[in-house]
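Visitor: Below is the structure I would like to discuss, written out as structure tokens.
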Amino acid sequence: MDIHDRILALREELNQHNYNYYVLDRPTISDFEFDLKLKELQKLETEHPEYFDANSPTVRVGGMVTKNFPTVTHEFRMYSLDNSYSIEDIELWIERIRKSFENVAFVCELKYDGASISILYENGELTQAVTRGDGTAGDEITNNIRTISSLPLKLKGDYPPKFYMRGEITIPIAQFNAINEERKNKGLMLYANPRNTASGSLKLQDSSEVAKRGLQCFPYAFVGKQLNFKTQWEMLEKAKEFGFKIPNTSKLCKTLDEIIQFIDYWEVERKKLPFEIDGIVIKLNDFAQQEELGNTAKSPRWATAYKFKAEVAETKLLSIDYQVGRTGAVTPVANLEPVLLAGTVVKRASLHNEDIIRKLDVRIGDMVYVEKGGEIIPKIIGVNTDVRDPEIQAITYITHCPSCGTELVRQAGEALHYCPNETSCQPQIIGRLEHFVSRKAMDIESIGSETAILLHQAGLVNDVADFYSLTKDQILPLDRMADKSVQNIIDSIEKSKQQSFDRLLYALGIRHVGVTVAKKLAKHFKDIDRLKLATIDELTSVEDIGEKIALSVQAYFANPAHLAMIERLRTAGLQLALVENQVQVSTKLAGKTFLFTGSLQRFTRDEAQEMVEQFGGKNVSGVSKNLNYLVAGEKAGSKLKKAQDLGTVEILTEEEFLKMIND
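Heads up, the sequence shown is in my numbering, so the first residue is 2 and it goes up one at a time.
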């Protein structure tokens with residue numbers, strides 16, 4: 002056997018042993034024998050670099066160092082799940098689904114408490130791994146992901162030629178405890194919980210350190226074009242055949258009672274699992290039905306997550322800080338006597354606003370109940386008044402900004418107090434700068450929070466337009482600034498000038514204008530000059546724009562300082578209008594409403610809806626007398642029948658729809 006054949010044979014054998022040990026939990030050789038074969042392979046690969054393979058079993062031990070993790074846009078968006086906290090919520094969700102389909106089944110899966118990942122497999126080989134990020138784009142961490150022993154680097158069986166495996170990266174509880182024990186012996190700070198440890202491990206620069214963490218990956222979906230799986234259950238079974246680690250914990254359910262039994266069982270039995278879960282995911286089993294239901298802006302309509310009841314702890318309220326956000330909103334945050342809650346030591350909790358403080362009648366020195374149910378920041382939900390010291394006084398809410406001393410204002414109908422001093426209140430200035438450079442906004446990659454603060458403290462950047470007048474000579478003298486890093490900053494700023502009008506609109510930080518609202522305003526008004534002159538009536542005529550948002554937009558453009566800053570952005574060359582490929586192609590479908598149902602073959606649902614909007618039409622979510630056209634793909638179900646019964650809806654094939662817009 003020649004050298005190359007020996008290398009290939011060792012790789013195949015070691016991959017099988019990895020699969021036996023980490024996936025099947027049935028090792029067939031000793032660790033000593035495995036290590037001998039691995040060392041032989043490492044030696045041969047070192048001596049013969051011409052036979053390099055990025056998916057060799059030797060990459061499991063790590064050794065690659067990644068200084069920067071590049072941002073990658075997901076080909077298929079990663080949605081988050083809507084959360085349910087009661088069986089009544091699940092029942093209502095199922096009732097909504099049954100209105101669309103007569104025969105339904107559901108797959109119940111464990112909700113792994115870890116970090117979401119998207120892994121690309123091409124021709125059976127792992128080629129790229131990207132974190133969830135904001136769902137639209139994430140960080141590439143391929144070298145680190147390859148160290149996870151339970152994850153196949155090369156697939157088995159009749160796998161699709163290209164697909165994305167969506168899964169959750171977790172760390173076993175026993176491994177987490179062992180890591181903390183080692184850190185304790187070294188006098189290091191202990192990690193808070195397995196979830197954060199798993200997430201943090203993914204961004205370690207040295208992949209050999211990642212390999213030591215013992216991470217594992219549990220798939221929950223395959224995403225791609227024409228994958229030929231008809232159901233979620235079939236996909237899970239195929240995943241096992243391909244070599245993925247799939248716990249035998251999922252269940253196919255047809256009734257609400259079966260789902261409730263599954264939830265009740267795992268609410269108790271989860272404590273026996275070797276990894277952490279925080280709930281149950283319930284999915285519509287049939288993929289054609291999933292596609293027909295589609296997604297909202299944030300979540301799939303065909304899946305929901307039942308979150309286990311929140312844990313509650315009792316601790317002492319020591320003091321209250323008041324934080325000032327980028328819009329001037331002032332938020333009270335409680336400082337607590339440290340307490341262990343849901344695996345995390347909690348020291349701070351949200352108090353939201355003055356009304357909540359009054360409603361709870363919470364006071365400094367009280368023993369309070371703290372909950373961490375679906376909250377990033379724990380919240381105070383009650384007070385143990387039985388042990389209250391009678392001398393404790395009620396809290397007097399602050400009247401002036403804790404940063405700049407300006408008197409706070411509270412508008413009618415607003416829950417929060419605001420600092421109106423946006424020009425010289427430091428937290429507001431810094432917050433706006435951080436927001437402007439963030440990923441969803443202008444995505445200026447080389448300017449993070451620390452750099453934005455550094456530039457502001459140096460007097461170089463006081464508003465967002467200042468970014469575009471920066472020079473290398475100004476930045477180089479600052480701390481920790483080398484020539485290459487400064488050039489990266491200048492290049493990133495220049496690149497951001499090409500960001501679309503809607504992203505710039507969001508980046509401006511107008512109160513109540515999020516990503517979705519910014520897109521709708523940009524699409525409707527086309528450019529910033531029309532938008533800044535819009536009346537309240539014109540603004541509220543835009544879909545989903547209410548009076549609250551309209552008043553906020555109008556107030557923003559009534560400020561002369563904002564208008565002057567926008568002119569500086571215009572001079573710098575930023576996109577203050579929709580470019581040609583973003584503007585409506587024609588009004589051919591104006592006044593017409595469309596709905597797509599069934600399994601589409603010529604285009605995806607998102608692509609179809611985009612075409613409707615480009616030609617002036619409107620997409621709707623259900624069959625009603627207001628629907629003009631139903632485009633029916635294969636296996637169209639109840640929506641097609643309802644449209645036929647209604648008699649006023651024109652039924653189109655995909656080809657007829659394309660002919661309509663192309664003629």
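In this text, a Cβ means the ideal position worked out from N, Cα and C, and glycines have one as well.
Can you name, in chain order, every residue of its own chain whose Cβ lies under 6 Å from the Cβ of residue 502, other than the five neighbours on each side?
Guide: Residue 502 sits at position 501 when you count from the first residue of the sequence shown. Cβ within range, chain order: 523, 576, 578 and 579.
Visitor: Do three or more CB pairs link the region 244 to 260 to the region 102 to 113 at distances below 8 Å?
Guide: Touching, yes, given that three or more Cβ pairs across the two stretches are closer than 8 Å.
Visitor: Leaving out five residues before and five after residue 268 in sequence, what residues of the same chain have Cβ atoms less than 7 Å from its Cβ?
Guide: Position 267 of the sequence shown, counted from the start, is the residue given in the question as residue 268. These residues qualify, in order along the chain: 309.
Visitor: Could you compute how far the alpha carbon of residue 493 sits from the alpha carbon of residue 274?
Guide: For the purposes of this step, residue 493 is taken as the residue at position 492 of the sequence shown. For the purposes of this step, residue 274 is taken as the residue at position 273 of the sequence shown. Cα to Cα, residue 493 sits roughly 46 Å from residue 274.
Visitor: Between which two residues does the beta strand (DSSP E) carrying residue 167 extend?
Guide: Sequence index remark: in the sequence shown, residue 167 carries index 166 (1-based). Run containing residue 167: 163 to 171, per the beta strand (DSSP E) assignment.
Visitor: State buried or exposed for residue 49, treating a residue as buried only when at least 16 other CB atoms are found within 10 Å of its CB.
Guide: Looking up residue 49 in the sequence shown gives position 48. Per the 10 Å Cβ criterion, exposed.
Visitor: Within 8 Å, do at least three Cβ pairs link the region 364 to 371 to the region 379 to 392?
Guide: Enough Cβ pairs lie closer than 8 Å, so yes.
Visitor: Check whether the region 72 to 85 touches the region 139 to 148, counting contact only when three or more Cβ pairs, one atom from each stretch, lie closer than 8 Å.
Guide: Because the criterion of three Cβ pairs below 8 Å is met, the region 72 to 85 and the region 139 to 148 touch.
Visitor: Counting only runs that start and end within the region 602 to 663, where is the beta strand (DSSP E) found for 3 or more residues in a row?
Guide: Segments of the beta strand (DSSP E) lying fully in the region 602 to 663: 630 to 633 and 651 to 653.
Visitor: Using the Cα positions of residue 645 and residue 298, report the straight-line distance between them to the nearest angstrom.
Guide: For this step, residue 645 is matched to residue 644 along the sequence shown. For this step, residue 298 is matched to residue 297 along the sequence shown. Rounded to the nearest angstrom, the two C-alpha atoms are 28 Å apart.
Visitor: Can you tell me whether residue 376 is helix, strand or coil according to DSSP?
Guide: Residue mapping note: residue 376 aligns to position 375 of the sequence shown, counting from 1. In this prediction, residue 376 scores a pLDDT of 48, lower than 50, which makes its location untrustworthy; no coordinate-derived value is stated.
Visitor: To the nearest angstrom, how far is the alpha carbon of residue 207 from that of residue 546?
Guide: The residue given as residue 207 occupies position 206 in the sequence shown. The residue given as residue 546 occupies position 545 in the sequence shown. Their backbone Cα atoms lie some 47 Å apart in a straight line.
Visitor: Count the C-beta pairs between the region 164 to 180 and the region 112 to 123 that are closer than 8 Å, then say yes if the count reaches three, no if not.
Guide: These segments touch.
Visitor: Measuring only the C-alpha atoms, how far is residue 607 from residue 590?
Guide: For the purposes of this step, residue 607 is identified with residue 606 of the sequence shown, where counting begins at 1. For the purposes of this step, residue 590 is identified with residue 589 of the sequence shown, where counting begins at 1. About 17 Å.
Visitor: Can you tell me the Cβ-Cβ gap for residue 620 and residue 593, rounded? I've got them flagged as a contact below 8 Å.
Guide: As a working mapping, residue 620 is identified with position 619 in the sequence shown. As a working mapping, residue 593 is identified with position 592 in the sequence shown. Actually they are not in contact, since the Cβ atoms of residue 620 and residue 593 sit about 10 Å apart, beyond 8 Å.
Visitor: Which same chain residues end up closer than 7 Å to residue 563 when comparing Cβ atoms and leaving out the 5 residues on each side of it in sequence?
Guide: Along the sequence shown, read from residue 1 onward, the residue named residue 563 stands at position 562. For residue 563, where only same-chain residues beyond five positions count, the Cβ hits under 7 Å are 557.
Visitor: Secondary structure at residue 590, three-state DSSP: helix, strand or coil?
Guide: Locating residue 590 in the sequence shown gives position 589, where the first residue counts as 1. Residue 590 falls in the coil class under three-state DSSP.
Visitor: Can you list, in chain order, the residues of its chain with a C-beta nearer than 6 Å to that of residue 353? Leave out the 5 residues immediately preceding and following it.
Guide: Residue mapping note: residue 353 aligns to position 352 of the sequence shown, counting from 1. Once the five neighbours on either side are set aside, residue 353 has no close Cβ partner at all.
Visitor: Rounded to whole angstroms, how far is the Cβ of residue 177 from the Cβ of residue 195, which I believe are closer than 8 Å?
Guide: In the sequence shown, counting from the first residue as 1, residue 177 sits at position 176. In the sequence shown, counting from the first residue as 1, residue 195 sits at position 194. Their Cβ separation, rounded to whole angstroms, is 4 Å, which keeps residue 177 and residue 195 in contact under 8 Å.
Visitor: What is the rounded straight-line gap between the Cα of residue 333 and the Cα of residue 517?
Guide: Within the sequence shown, numbered from 1, the residue matching residue 333 stands at position 332. Within the sequence shown, numbered from 1, the residue matching residue 517 stands at position 516. If I take the Cα positions, the gap works out to 28 Å.
Visitor: So is residue 536 buried or exposed if we call it buried at 16+ other beta carbons inside 10 Å?
Guide: Against the sequence shown, residue 536 aligns to sequence position 535. Residue 536 is exposed by the Cβ-count criterion.
Visitor: Do you know whose CA, among 161, 91, 33 and 79, lies nearest residue 132's CA?
Guide: Numbered from 1 along the sequence shown, position 131 holds the residue referred to as residue 132. Comparing Cα positions, the closest option is 79.
Visitor: Exposed or buried, what is residue 124 when buried is set at 16 or more other beta-carbons lying within 10 Å of its beta-carbon?
Guide: In the sequence shown, counting from the first residue as 1, residue 124 sits at position 123. Classification for residue 124: exposed.
Visitor: Measure the beta-carbon distance from residue 602 to residue 548 and round it to whole angstroms, keeping in mind my assumption that it falls under 8 Å.
Guide: If you number the sequence shown from 1, residue 602 lands on position 601. If you number the sequence shown from 1, residue 548 lands on position 547. So it is not a contact: roughly 43 Å between Cβ atoms.
Visitor: Under the criterion of a Cβ to heavy atom distance below 6 Å, does residue 236 qualify as lining the ligand MG?
Guide: Although the ligand MG was asked about, the structure shown includes no ligands whatsoever.
Visitor: What is the C-beta distance between residue 82 and residue 304, in whole angstroms, given that I count them as a contact (C-beta under 8 Å)?
Guide: Within the sequence shown, residue 82 is the residue found at index 81, counting from 1. Within the sequence shown, residue 304 is the residue found at index 303, counting from 1. Sure, about 6 Å apart at Cβ, within 8 Å.
Visitor: Does DSSP classify residue 272 as helix, strand or coil?
Guide: Against the sequence shown, residue 272 aligns to sequence position 271. It is helical.
Visitor: Going by CA-CA distance only, name the one from 148, 191, 127 and 197 that's closest to residue 164.
Guide: Mapped onto the sequence shown, residue 164 falls at position 163. Of the listed residues, the one whose Cα sits closest to residue 164 is 127.
Visitor: Using the Cα positions of residue 651 and residue 631, report the straight-line distance between them to the nearest angstrom.
Guide: Here residue 651 corresponds to residue number 650 of the sequence shown, with the count starting at 1. Here residue 631 corresponds to residue number 630 of the sequence shown, with the count starting at 1. Residue 651 and residue 631: Cα-Cα distance of roughly 6 Å.
Visitor: Using CA coordinates, which residue listed in 570, 641 and 552 is at the minimum distance from residue 596?
Guide: As a working note, residue 596 is residue 595 in the sequence shown. The shortest Cα separation from residue 596 among 570, 641 and 552 belongs to 641.
Visitor: May I have a chain-ordered list of the alpha helix (DSSP H) segments no shorter than 4 residues that lie completely inside the region 482 to 553?
Guide: DSSP runs (the alpha helix (DSSP H)) wholly in the region 482 to 553: 484 to 497, 502 to 508, 516 to 526, 529 to 533 and 537 to 541.
Visitor: Beta carbon of residue 279, beta carbon of residue 90: below 7 Å?
Guide: The residue you call residue 279 lines up with position 278 of the sequence shown. The residue you call residue 90 lines up with position 89 of the sequence shown. Not a contact, by the Cβ cut-off of 7 Å.
Visitor: By alpha-carbon positions, which one of 567, 598, 627 and 365 ends up nearest to residue 1?
Guide: In the structure as shown, the chain starts at 2 and stops at 664, and residue 1 therefore has no counterpart that could be examined.
Visitor: Do you know offhand how far residue 397's Cα is from residue 357's?
Guide: Residue numbering aside, residue 397 sits at position 396 when the sequence shown is read from its first letter. Residue numbering aside, residue 357 sits at position 356 when the sequence shown is read from its first letter. Rounded to whole angstroms, residue 397 to residue 357 spans 13 Å at the Cα level.
Visitor: May I ask which residues mark the beginning and end of the alpha helix (DSSP H) holding residue 15?
Guide: Mapped onto the sequence shown, residue 15 falls at position 14. It spans 4 to 19 - the alpha helix (DSSP H) in which residue 15 sits, taken as one unbroken run.
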